[in-house]
Amino acid sequence: MAESTEEVAVLVQRVVKDINNAFKRNPHIDEIGLIPCPEARYNRSPIVLVENKLGVESWCVKFLLPYVHNKLLLYRQRKQRLNKDELVDVTCTLLLLNPDFTTAWNVRKELILSGTLNPIKDLHLGKLALTKFPKSPETWIHRRWVLQQLIQENSLPTFVKKENLATFLTERVQRIVQEEIEVCGEAAGRYPSNYNAWSHRIWVLQHLAKLDIKILLDELSSTKHWASMHVSDHSGFHYRQFLLKSLISQTMTDSAVLEQSPLVSEHIPDLPKDDNEEDTSAEHHRVVDLSRLLEDEVELSTDLIDNYPGHETLWCHRRHVFYLQHHLNNKLPHSQMRLSPVDSNGGTLHDLNLSPAVTHMTQAMDVDGLNDSNKQGYSQETKRLKRTPAQDSLGIEMEHRFIEQILSTCRNVEQARFANAYRKWLVTLSQ
Amino acid sequence: MKLYSLSVLYKGDSKAILLKAAYDVSSFSFFQRSSVQEFMTFTSQLIVERSEKGSRASVKEQEYLCHVYVRNDGLAGVVIADNEYPSRVAFTLLEKVLDEFSKQVDKIDWPVGSPATIHYTALDSYLSRYQNPREADPMTKVQAELDETKIILARKQNSCCEIM
């Protein structure tokens, strides 16, 4: 069936209008999808709305997409005028079909900057696009731009100071953070090891939540079940490593700063009774037991490795956690393992210089290639590890016992391979 | 880790007959669900047809793992899961389901049954419970048996899956 240019134009206009109407009819649309449908049924719209799901029949895409794409490009080249509503509709249609079309997002950026488009709409559109394209890099990138606009341009404070000078995230920022976490969680569930989704989640914690300790702790506990049910999701476990590292960096400080800071005290200050804030403030001053958190994580790792043999992600995670434990043992004298959080004013993060260590770990993951050349990866940190106190060698001993137990009881070939690789890595640590 | 389908079939002389099935396609996007379910029904049937009586196997198809157990008496079960779900638990589930099924449904009904005529309602709740593998019963017995059976990881080249 040959489509003349006129017929295509009419079809496209109808489809764009149908999509627009669908959103008006049902503001709760939460998912988009493509319906495999090779041929058009007579006189029926290819836009299907079922419950809260918006579907596009596949036959129309080959007409729709090039036409709308071209229309936008002509606008960009100033060969065709489009008014604001047309631009919004055209870009919306385009992005639901191909959210990696950067130009369309950029047109919407211009509309936002000129005040004619509400940035919240783009968050909603992006969320919808991610239901079908959970990895879409351009969608995540645009999302971060929008979030930065919301935080900066509206001059809304991130922090609110209370009488005792502690800072809290404003309610608005907290809501935004929670929404982003939800979007990331959904996208992570739609595609295995969704690096883009988890990276966005990290970005949100760093730049919106400013590594607020309560949020870090909440995230640690709320992602525990998810990680346990996605034992091969490397990005998910990497997120937990990020949380632990951030908790360490946010609660630890050099002893010099510890002495000078008037905010760190041994007792929890008296706070005015405030209905909403009472619990939050108590928790904000809660002592973070870092070594306990790391022990719990090792326990989680043990439990998962025992129950789900043969997943490299779990062994990789164990290395990271073990390394963090030993790094922590080195940073502090044993008596100071518990610390109150220092007022984190969004200032400089304490740099633990973990990256050389991570490089060492990544090199050591090459099971077959473990030879002397790995020693070139040794950093200052690793050399310090060689001088570990007795406590560290006890930890390493326990790990060796764990490996022995796994090797003697496992029947899974991969599991044995990973256990042996882990043992080799431990040996390089204690050399 | 997810379970997508749990089916009970009968391996006849020439073909496999579906007796009862349960599906969980909620993790798929809305408009894909019916075609995914069809795929799983078809695949389960095909796998049983190509499997020997008295065998267990794990067949890899795209990103899914199909665990099949065909008993000597022709009763068969297929679990379609993702690649994180522990196969040990999947076989425990199959053993348990087929055992229960054979007690509740008369053997004479197997060669001529269909989901409409067979009275066995436990599949949906098994599928739901076993989504979390920790719901599984102690597995030591099955574990020992599994060592002796051959677990086949078949890819597209394998004749069993050629048609897929």
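Protein sequences appear in the order of chains B and A. Just so we're aligned, residue 1 is where the first sequence starts under our numbering, counting upward by one. Just so we're aligned, residue 1001 is where the second sequence starts under our numbering, counting upward by one. Each residue gets a CB set at the ideal place from its N, CA and C atoms; glycine is no exception.
Start-to-end residues for the alpha helix (DSSP H) that takes in residue i
i, result
"isoleucine 151(B)", "137-152"
"cysteine 37(B)", "First-last for cysteine 37(B): undefined, no H or E at that position."
"glutamate 444(B)", "No statement about residue 444(B) is possible, as the shown extent of chain B runs from 1 to 431 and does not include it."
"serine 291(B)", "290-307"
"isoleucine 213(B)", "213-222"
"valine 231(B)", "No alpha helix (DSSP H) contains valine 231(B), which DSSP labels as neither H nor E."
"proline 195(B)", "Checking the displayed sequence, the identity of residue 195(B) turns out to be tyrosine instead of proline. First-last of the alpha helix (DSSP H) with tyrosine 195(B): 195-203."
"asparagine 106(B)", "102-113"
"arginine 81(B)", "Here arginine 81(B) belongs to no alpha helix (DSSP H), and DSSP marks it neither H nor E."
"asparagine 20(B)", "5-25"
"leucine 1046(A)", "1033-1050"
"phenylalanine 418(B)", "413-429"
"leucine 208(B)", "Segment: none, leucine 208(B) is in no alpha helix (DSSP H) and carries neither H nor E."
"histidine 124(B)", "119-132"
"glycine 189(B)", "171-190"
"aspartate 1124(A)", "1123-1129"
Range of the contiguous beta strand (DSSP E) that encloses residue i
i, result
"alanine 1076(A)", "1075-1082"
"glutamate 1061(A)", "1055-1061"
"cysteine 1066(A)", "1064-1070"
"valine 1105(A)", "Per DSSP, valine 1105(A) belongs to no beta strand (DSSP E) and is neither H nor E."
"tyrosine 1004(A)", "1003-1011"
"alanine 1022(A)", "1016-1023"
"leucine 49(B)", "47-50"
Closest residue to residue i among the options (Cα-Cα distance)
i, options, result
"lysine 462(B)", "Asn52(B), Tyr42(B), Glu7(B), Glu414(B)", "With chain B covering 1 to 431 only, the question about residue 462(B) has no answer from this structure."
"tyrosine 1069(A)", "Lys1107(A), Gln1062(A), Gln1045(A), Ser1125(A)", "Gln1045(A)"
"valine 1008(A)", "Lys1103(A), Val1079(A), Thr1092(A)", "Val1079(A)"
"threonine 428(B)", "Arg319(B), Cys410(B), Arg401(B), Gln405(B)", "Arg319(B)"
"glycine 395(B)", "Asp289(B), Arg175(B), His327(B), Arg417(B)", "His327(B)"
"aspartate 89(B)", "Trp59(B), Arg78(B), Lys121(B)", "Lys121(B)"
"proline 309(B)", "Arg1129(A), Leu1098(A), Arg1088(A)", "Arg1088(A)"
"alanine 1022(A)", "Asp1106(A), Ile1108(A), Lys1015(A), Val1097(A)", "Val1097(A)"
"aspartate 18(B)", "Ser4(B), Gly55(B), Ala40(B)", "Gly55(B)"
"proline 27(B)", "Asn83(B), Leu74(B), Leu128(B)", "Leu128(B)"
"arginine 175(B)", "Leu208(B), Ala188(B), Ser235(B)", "Leu208(B)"
"valine 8(B)", "Tyr42(B), Ile35(B), Val61(B)", "Val61(B)"
"threonine 223(B)", "Ala188(B), Met252(B), Thr251(B), Arg172(B)", "Ala188(B)"
"alanine 1090(A)", "Asp1099(A), Ser1058(A), Met1040(A)", "Ser1058(A)"
"aspartate 1099(A)", "His1119(A), Tyr1064(A), Ala1076(A)", "Ala1076(A)"
Any chain B beta carbon closer than 8 Å to residue i
i, result
"alanine 1144(A)", "With a pLDDT of 41 at alanine 1144(A), under the threshold of 50, the modelled position of this residue cannot be trusted; read the value that follows with caution. Cβ-Cβ to chain B under 8 Å: no for alanine 1144(A)."
"phenylalanine 1091(A)", "no"
"threonine 1140(A)", "With a pLDDT of 45 at threonine 1140(A), under the threshold of 50, the modelled position of this residue cannot be trusted, and the question is left open."
"aspartate 1147(A)", "For aspartate 1147(A), the predicted model reports a pLDDT of 48, less than 50, meaning its position is unreliable; a value from the coordinates is still stated below. Yes, contact with chain B."
Min CB distance residue i to chain A below 8 Å
i, result
"glutamate 31(B)", "yes"
"histidine 28(B)", "no"
"serine 222(B)", "no"
"leucine 123(B)", "no"
"glycine 126(B)", "no"
"leucine 130(B)", "no"
"tyrosine 308(B)", "yes"
"isoleucine 35(B)", "yes"
"glycine 55(B)", "yes"
"alanine 416(B)", "no"
Residue i: CB within 7 Å of a non-hydrogen atom of the ligand FAD
i, result
"glutamate 399(B)", "Looking at this structure, you won't find the ligand FAD or any other ligand, since it has none at all."
Inset, instruction - Report yes or no: do the segment 43-56 of chain B and the segment 66-73 of chain B share at least 3 C-beta pairs separated by less than 8 Å? - result: no
Legend entry - Under 9 Å (Cβ pairs) to chain A, residues found in the segment 106-119 of chain B: none
Inset, instruction - With 8 Å as the C-beta to C-beta threshold (strictly closer), list the residues of the segment 230-251 of chain B near chain A in chain order. - result: His230, Val231, Ser232
Inset, instruction - State whether the segment 104-113 of chain B contacts the segment 134-147 of chain B, with contact taken as three or more CB pairs (one from each stretch) at a distance under 8 Å. - result: yes
Legend entry - Interface residues of the segment 1078-1089 of chain A facing chain B [CB-CB below 8 Å]: Asn1083, Glu1084, Pro1086
Legend entry - Interfacial residues, the segment 1025-1059 of chain A to chain B, with Cβ spacing under 9 Å: Ser1027, Ser1029, Phe1030, Phe1031, Gln1032, Ser1035
Legend entry - the segment 244-252 of chain B touching the segment 209-217 of chain B, judged by at least three CB pairs closer than 8 Å: yes
Inset, instruction - Indicate whether the contact test is met: 3 or more Cβ pairs, each with one atom in the segment 1099-1116 of chain A and one in the segment 408-421 of chain B, closer than 8 Å. - result: no
Inset, instruction - Mind the definition here: the segment 1121-1134 of chain A touches the segment 1025-1042 of chain A only if three or more C-beta pairs lie below 8 Å; say whether that holds. - result: no
Legend entry - Three or more C-beta pairs below 8 Å linking the segment 1012-1022 of chain A and the segment 1110-1125 of chain A: yes
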